[in-house]
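Residue numbers (this note's numbering), protein chains in the order written: chain F, 1 to 250; chain L, 251 to 500. Glycine included, C-beta positions come from ideal geometry on N, C-alpha and C. Here the structure is a predicted model, which means the values were calculated and not measured.
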DNA sequence: CAGTGGTCTAGACCACCAA
DNA sequence: TGGTGGTCTAGACCACTGA
């Protein structure tokens, strides 16, 4: 605790106060705290460092973004555990995964295409696509939200009579029946909108890693998934597997 | 401009003001502005929306994190262009890339291992590794910083007489001489520390996408690269290439 | 130099959680 | 119900950019 009592005396000029504060706090939580420990409340901490609460909060925000702290309204601020590895290549050898471990179907329906995919995914006769939304867990914690759009050119019809859960596995089975011709992935930073945020059990505006995967089959874009993972608690792992998967050095 | 003049009348309760503000601004910059346009200054904007400047700034911070705005101290706030695609699989079929297009060598030296890699990378006789730091450009803009650590078990010696630039390509050549046995990648969110931030031409604390790649050769961890990309302006693309690269559907 | 975004303060009130 | 983090305000000063 002592090491977090003060700011460095010889203030590094040009370094904003909130950044020095972050560094001091980071050192403190690494040395004097461990995963799950509760930090003093913001007002006390601010007083102890001799700064305004807003300044202290600025530092805490940084550390939360880095996944070092977990703050909960009404409760308190605790030291975070190490990030959870989310494997993106487990499903990886092709189509989206079907295994139900750590996955929960939210809904599966046929809906109008959202603007972004209109050009790549739209089937001829109509502008409808199948949409499967799933929530992904790891270590019993919500880590991400996965939204899979499937073109009707690939999976033409889907009975509405079947409940969402079974419709989901029906769709995935049909999808896997096709030969996958290509896949493309992109990762970028985003923020969770209201609904998304609720599913992730976080406030709106939370930073998320957005993984967009495009699947090609039958010579066209057959499906697209947009998966968002909590940036504070997740690390995305692309295990490019064993020796044989790689081209030998030339 | 008119659409950004006010907050929605029927304030969605439970939605914080800064979030409504973000949404209004986002709509405005999508409808009434285009890439490169300059926004009114923060004091004017705050007044126009009838909020405190801090609240307005909170909204702008969100939009900046999302890559929709670019704010520059002393200059102003402008609407950002689309994110730059950084291909991580171009080098991709194996060892770190050697091509010099869009790459600038910062330095190449033999240094003591940094704590994090001590266990995985350390060679027997000493705790020294080779370190190559490069800056990566795309469209003439700095997008990332790449730091490659190479075990001395794989590249034993490296003349200090040769200047950094040539030493770099010498090292890479030796590295590529080995057969690559495996590779592992992870992506997570981080923030740029002071020095890192300078290279990226951003203030400290800037959100970055951290890509950690581990290379296996000679039955051990031969090299590790830690690459950081500006999260606001970059999208990481993993082109998993053509049809043949994928396993046929079973 | 005037104008911009960046930092910091001191204080208020609110929404939520746990005892 | 008391204490926590979350939001918001009004104002000050600083550091930087560009004409």
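Secondary-structure assignment with DSSP links residue 434(L) through a beta bridge to 239(F), 464(L). Within 10 angstroms of the beta-carbon of residue 357(L) lie fewer than 16 other beta-carbons, which makes it exposed. Secondary structure at residue 308(L): helix, using DSSP grouped into helix, strand and coil. Among the residues of chain F, none has a CB under 8 Å from the CB of residue 386(L); the nearest is roughly 16 Å distant. The beta carbon of residue 330(L) does not come within 7 Å of any beta carbon belonging to chain F, so the residue lies off that interface. Under the DSSP assignment, residue 364(L) falls outside any beta strand (DSSP E); it carries neither an H nor an E label. Closer than 7 Å to the CB of residue 455(L) there is at least one CB belonging to chain F. The criterion of a C-beta distance shorter than 7 Å is satisfied by residue 449(L) and residue 395(L).
Cβ-Cβ distances below 8 Å link residue 433(L) to 344, 463, 464, 465, 466 in the same chain, with the five nearest sequence neighbours on each side left out; the list follows chain order. Contacts with chain F at 7 Å (Cβ-Cβ) do not include residue 404(L). Counting only residues of its own chain and dropping the five nearest sequence neighbours on each side, residue 165(F) has a CB closer than 6 Å to the CB of 105. Interface flag for residue 200(F) against chain L is unset, since no Cβ pair is found closer than 7 Å. In the DSSP assignment, residue 138(F) is bridged to 141(F).
Using a C-beta cut-off of 8 Å, the segment 420-428 of chain L makes no contact with the segment 479-489 of chain L, since fewer than three inter-stretch Cβ pairs fall below that distance. Interface annotation, residue 188(F): in contact with chain L, CB-CB separation under 7 Å. Chain F has no Cβ within less than 7 Å of the Cβ of residue 309(L). Exposed is the label assigned to residue 30(F), since fewer than 16 other Cβ atoms lie within 10 Å of its Cβ. According to the DSSP assignment, residue 273(L) belongs to no beta strand (DSSP E) but to the alpha helix (DSSP H) extending over 267-281. The closest CA to that of residue 181(F), considering only 220(F), 151(F), 97(F), 110(F), is found on 220(F).
Around the CB of residue 140(F), fewer than 16 other CB atoms lie within 10 Å, so the residue is classed as exposed. Residue 44(F) has its alpha-carbon roughly 16 Å from the corresponding atom of residue 37(F).
Judged by DSSP secondary structure, residue 319(L) falls within the beta strand (DSSP E) whose first and last residues are 319-322.
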